[in-house]
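Be aware that the sequence shown starts at -10, since it is given in this note's numbering, and climbs by one per residue.
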Amino acid sequence: VLVLSMSDEQGSAKRKPAHRFTIPQDVDLLKEVLTICPHDAPYGQTSGRWAEVGDRMRTIHGDSLSATGCRKRCDDLLAAFHKDSLASLRASGTDEQHHEREQLLQDLKALKRASKEDKGSREDKREARDPAVRAVVDLKRKAVEEDGESSDSDGATTPKKYSRRRPTILKESTHDVATFMSMMESTNKVRMEELALQKEVNAITARKLELDEKRYLLEKAEREARLALEQQERQMQIEFMRSTLDMMRAITKKV
-10 VLVLSMSDEQ GSAKRKPAHR FTIPQDVDLL KEVLTICPHD APYGQTSGRW AEVGDRMRTI
50 HGDSLSATGC RKRCDDLLAA FHKDSLASLR ASGTDEQHHE REQLLQDLKA LKRASKEDKG
110 SREDKREARD PAVRAVVDLK RKAVEEDGES SDSDGATTPK KYSRRRPTIL KESTHDVATF
170 MSMMESTNKV RMEELALQKE VNAITARKLE LDEKRYLLEK AEREARLALE QQERQMQIEF
230 MRSTLDMMRA ITKKV
């Protein structure tokens, strides 16, 4: 019993406390997620991309961060953003950093929705394509069966009857192939339109991020200029008060 208790104490000692994220760390995390896009990873690569996010965050903020912790924090941020309860996630930061975090969450939410819609569209096209594939398979099977029946009934079927059936099979085959090619052409056209639309969405998103960053820098410069002006005005007031006091002292001494 004593041995078990000691091992339990050692395990508790080795267990690291959960990392408490700050607003700047949230901002960097969301930027890495938007860059690496683990939510849009191919099948089986999601964990690898989150591991990459964790590596990048450790490089920026130290070894106390983990891929699992980053993933959980991102999920918590999105859930809180969806419920409009970001204030419940306690973290220190300026108003500008809070605003930037909300903007990045909005961008991530939009990209996840676009990714989900794109996956749904691919599934719909796959379902539309499968009947065409089955039609071609059925066509080949039908042709083989017709040829087999014709070969088996050579003794009872005249060459004239066989020659009439053969053009019918070829005609049906040509029609089915043409239908299949038309469906494939339509599918490819839809895919190209979707790719063009996605490219446009990505360009708009990138432009929006660029404009947001420029707006943030402009607002920051305005705040700094206003602060400098206020400090200058205060300094001038202090100098004026000092000179007034000196003048009053001089007058008092003369009196």
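Virtual Cβ for every residue (Gly too), placed ideally from N, Cα, C. Please read these numbers as outputs of a predicted model, since none were measured by experiment.
With 16 or more other Cβ atoms from the protein chains shown falling within 10 Å of its own Cβ, valine 22 counts as buried.
Exclusion of the five residues before and after histidine 28 leaves Lys101, Ser104 as the residues of its chain whose Cβ lies within less than 7 Å of its Cβ. Judged by DSSP in its simplified three-state form, glutamine 34 adopts coil rather than helix or strand. Under the three-state reduction of DSSP output, leucine 94 falls in the helix class. The C-beta of alanine 210 has fewer than 16 other C-beta atoms within 10 Å across all chains shown, which makes the residue exposed. Distance from the CA of lysine 243 to the CA of methionine 237, rounded to the nearest whole angstrom, comes to 10 Å. For the region 44 to 83, the full-length alpha helix (DSSP H) segments reaching 4 residues or more read 56 to 71 along the chain. For aspartate 17, the enclosing alpha helix (DSSP H) begins and ends at 12 to 25. Distance from the CA of arginine 231 to the CA of lysine 20, rounded to the nearest whole angstrom, comes to 51 Å.
In the structure shown, alanine 239 falls within a helical segment according to DSSP collapsed to helix, strand and coil. DSSP, reduced to helix, strand and coil, places histidine 8 outside both helices and strands of the structure shown, so it counts as coil. Counting other Cβ atoms within 10 Å of its Cβ, aspartate 64 stays below 16 and is therefore classed as exposed.
Straight-line spacing of the CA atoms in lysine 61 and valine 42 works out to 12 Å. Here leucine 18 is near cysteine 59, since their CB atoms are less than 8 Å apart. Excluding sequence positions up to five before and after isoleucine 25, its CB lies within less than 8 Å of the CB of Arg38, Glu41, Val42, Arg45, all in the same chain and listed in chain order. Rounded to the nearest whole angstrom, the C-alpha separation of aspartate 201 and valine 16 is 14 Å.
Between alanine 99 and threonine 194, the C-beta spacing is below 8 Å.
When the alpha-carbon of leucine 184 is set against those of Gln221, Lys108, Leu75, Ala56, the nearest one is in Lys108.
Taking the Cα positions, glutamine 14 is about 52 Å away from aspartate 235.
The shortest CA-to-CA distance from histidine 50 to any of His71, Leu75, Phe10 is the one to Phe10. A direct Cα-Cα distance of roughly 13 Å separates lysine 197 from leucine 97.
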